[in-house]
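Under the numbering used here, the very last position in the sequence shown is 769; numbers go up by exactly one each time. Scroll down for the structure; my scribbles are underneath it.
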Amino acid sequence: MEIKIYKYPKDTKDLLIRDFDPNLIGEAVSAISDIINDIEENGDTALLKHERQFDCPTIESLKVTEQEFEEAEAAVSQELKDAMKVAADNIRKFHAAQLMEPIEVETTPGVVCRQKAVPLHSVGLYVPGGRAPLFSTALMLAIPARLAGCPEIAICTPPDKSGRVNPTILVAARLAGVTEVYKAGGAQAIAAMAFGTETIPKVNKIFGPGNLYVMLAKAFVAKQAHTLVDLPAGPSEVMIVADETTNPTFVPA
């Protein structure tokens, strides 16, 4: 993949007028509609078919096994696991501080108003994999869900060509207290969580970032399956502005 580098402010104009092909949206909508309808009607059979088409040609099972969790623990360095634990602790502290206590107010004699936060029963978390596995997403989605008290938390993430989930994602999932992890990516994963299949449970709400196909699939299932979704977020672009006083080791991090 070619990475284009723009120099600010020299290339500002080029940066702002980059071409976007509107045909991509139309092609994606058509493909996603077919995938969603297929999975709604055919469950695991359709899901495995699309996983073999897009992720792993030889995939046979969708759920990550305990052995795969153990192999992931062995594959990730202790240094990285320690860093992930620090991140998990920080995320947990921040979100724990936001937990809402029930409120009860007697506004007038005999009239009591109450407010209580009730967790969703089941949530589906989409964690991007592929070339850039976002294990941080697993932590930032699963830890708040666990703190909120959601009884059922499922993670979907695409496997590699050999049918394995990136080990850092599995370590992060376990750190967050989630053991229900499924090998499914793209629009097919979103459809599976929205409608439910023989293997992947139907959820109340889907969270997580993704590419154009994931974003559009979330919009589809919100209407077609009446599944709650977080927001139609797609790929992000981040720009860092720094001068000579910046520590150069911090910028790429």
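Just so it is clear, CB atoms sit at the ideal spot from N, CA and C, and this is done for glycine as well.
So within the segment 553 to 610, which uninterrupted alpha helix (DSSP H) runs reach at least 4 residues, ignoring any that extend past its ends?
582 to 591
Cβ-Cβ separation, Val745 to Lys734 (assumed contact under 8 Å), whole Å:
4 Å
Between the CA atoms of Gln631 and Glu622 - distance to the nearest angstrom:
12 Å
Measure how close the beta-carbons of Thr574 and Gly679 come, nearest whole angstrom, since I'm counting them as under 8 Å.
6 Å
Identity of the residues DSSP links to Arg630 by a beta bridge
Glu620
Leu655 lies in the alpha helix (DSSP H); which residues open and close that run?
651 to 664
Quick one: using the 10 Å Cβ neighbour count with 16 as the cut-off for buried, is His742 buried or exposed?
exposed
Starting from Ile722, follow the beta strand (DSSP E) in both directions and report where the run begins and ends.
721 to 723
Enclosing alpha helix (DSSP H) for Leu641 [first to last residue]
Leu641 -> not in any alpha helix (DSSP H); beta strand (DSSP E) instead, spanning 638 to 642.
What do you get for Val602, buried or exposed, if any count of 16 or more other CB atoms within 10 angstroms of its CB means buried?
exposed
What first and last residue would you give for the alpha helix (DSSP H) that runs through Thr684?
683 to 691
Can you tell me which residues form a DSSP beta bridge with Ala670?
Gly640
Give a yes or no on contact between the segment 703 to 719 and the segment 610 to 628, applying the rule of three or more CB pairs nearer than 8 Å.
no
Which residues in the same chain have their Cβ closer than 6 Å to the Cβ of Gly693, if we skip the five residues on either side of it in sequence?
Arg662
Is Leu691 buried or exposed, if buried means 16 or more other CB atoms sit within 10 Å of its CB?
buried
What does Lys699 pair with, by DSSP beta-bridge criteria?
Thr673
Proximal residues to Ser652 (C-beta, below 8 Å), its chain only, five neighbours per side dropped:
Ala603, Ala688
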